[in-house]
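Accompanying notes for the structure given below.
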Amino acid sequence: MRTFLKVISYLFHPIFIPVMATVGFFLVTPRLYELNFKIDVAITISIFTIFIPILLFILLKRFKLIDSIFVKDVSQRKIPLYVYVLVLFLIITKVITKSIFAELYDFFLATLIATIVCLTLVLFRIKASMHMMGMSGLVMFLIALSITYQVNITFALSVLILMIGLVGTSRLFLKAHTFVELIIGFFIGWIPQLLVMYDWL
């Protein structure tokens with residue numbers, strides 16, 4: 005059971021959520037984007053949100069500034085969050101433009117807002133679950149997309165909602181978070197997505 009829940013924590017780590025949202029956007033939206041264009045965007049997002057953070061985690065761990073990729077100690081979260089805020093800012097200013105990807109742009113904007121909230125809480129030594137932040141944000145984004153384009157993705161949403169439960173269970177089982185930290189993370193991810201979606205619903 006421990007191995008299974010640890011795998012869930014790795015698979016749904018916050019650094020993978022932006023790529024999942026990007027792929028979900030291209031699958032749901034009826035807009036006609038060329039396949040090569042969609043691949044290029046997904047790869048670019050992967051470089052910014054997966055490879056750069058992984059390289060940062062390796063460097064920080066090497067210099068003993070963090071214990072693991074999950075960054076359990078609240079005091080160790082400042083540098084990764086500062087860098088992630090910068091990465092998200094670069095994405096919405098240089099990669100995802102509002103005119104071409106209105107909904108996806110708002111997803112990243114909401115994620116940036118949520119990350120800044122997490123960083124602010126860290127400064128007060130409050131550790132919100134970024135796993136839950138990422139998952140709840142992703143689900144809210146896909147719900148809004150399905151409503152906007154009238155696309156039935158009930159099965160995919162059901163699976164993701166189940167994953168939210170599994171991710172929460174894994175974080176509790178591994179003693180990475182308390183129940184309160186999971187709830188805080190859930191609402192930090194969910195509310196910004198809910199607020200920005202009024203821009204395009």
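In the working numbering, the protein residues as written are 5 to 205.
Don't be surprised by glycine CBs; every beta carbon is placed ideally from N, CA and C.
As the structure is a computational prediction, the values presented were derived from the model and not from experiment.
Taking the alpha carbon of residue 152 as the reference point, which residue from 112, 32, 54 and 185 has its own alpha carbon closest?
Stepping through the sequence shown from its first residue, residue 152 is reached at position 148. It is 32 whose Cα lies nearest to the Cα of residue 152.
Does the beta-carbon distance from residue 52 to residue 85 come in below 8 Å?
Taking the sequence shown and counting its residues from 1, the one referred to as residue 52 is at position 48. Taking the sequence shown and counting its residues from 1, the one referred to as residue 85 is at position 81. In this structure, residue 85 does not lie closer than 8 Å to residue 52 by Cβ.
Out of curiosity, what's the CA-to-CA distance linking residue 129 and residue 79?
Numbered from its first residue, the sequence shown carries residue 129 at position 125. Numbered from its first residue, the sequence shown carries residue 79 at position 75. The straight-line gap from Cα to Cα measures roughly 7 Å.
Quick test of the definition: if touching needs 3 or more C-beta pairs under 8 Å, does the segment 59-76 touch the segment 144-158?
The segment 59-76 vs the segment 144-158: no contact.
Roughly how far, in whole angstroms, is the beta-carbon of residue 230 from the beta-carbon of residue 118, given that I think they are within contact range, below 8 Å?
No answer is possible for residue 230: it lies beyond the span of the chain, which begins at 5 and ends at 205.
Taking Cβ to Cβ, would you say residue 134 is nearer than 8 Å to residue 22?
Translated into positions along the sequence shown, residue 134 becomes position 130. Translated into positions along the sequence shown, residue 22 becomes position 18. No, the pair does not count as a contact, with Cβ atoms beyond the cut-off.
Buried or exposed: residue 26, going by 16 or more other Cβ atoms within 10 Å of its Cβ?
Mapped onto the sequence shown, residue 26 falls at position 22. Under this definition residue 26 is a buried residue.
Comparing C-alpha positions only, which one of 88, 116 and 156 sits nearest to residue 34?
Taking the sequence shown and counting its residues from 1, one reaches residue 34 at position 30. Nearest C-alpha to residue 34: 156.
Within the segment 138-182, note down every full alpha helix (DSSP H) run reaching 4 residues or more, in order along the chain.
As far as the segment 138-182 is concerned, its whole alpha helix (DSSP H) runs of at least 4 residues are 158-177.
Decide yes or no for the touch test of the segment 158-175 against the segment 99-110: beta carbon pairs closer than 8 Å, at least 3 of them.
No contact exists between the segment 158-175 and the segment 99-110.
Among 139, 154, 124 and 183, which one has its Cα closest to the Cα of residue 162?
Here residue 162 is taken as the residue at index 158 of the sequence shown, counted from 1. Closest option to residue 162, Cα to Cα, is 139.
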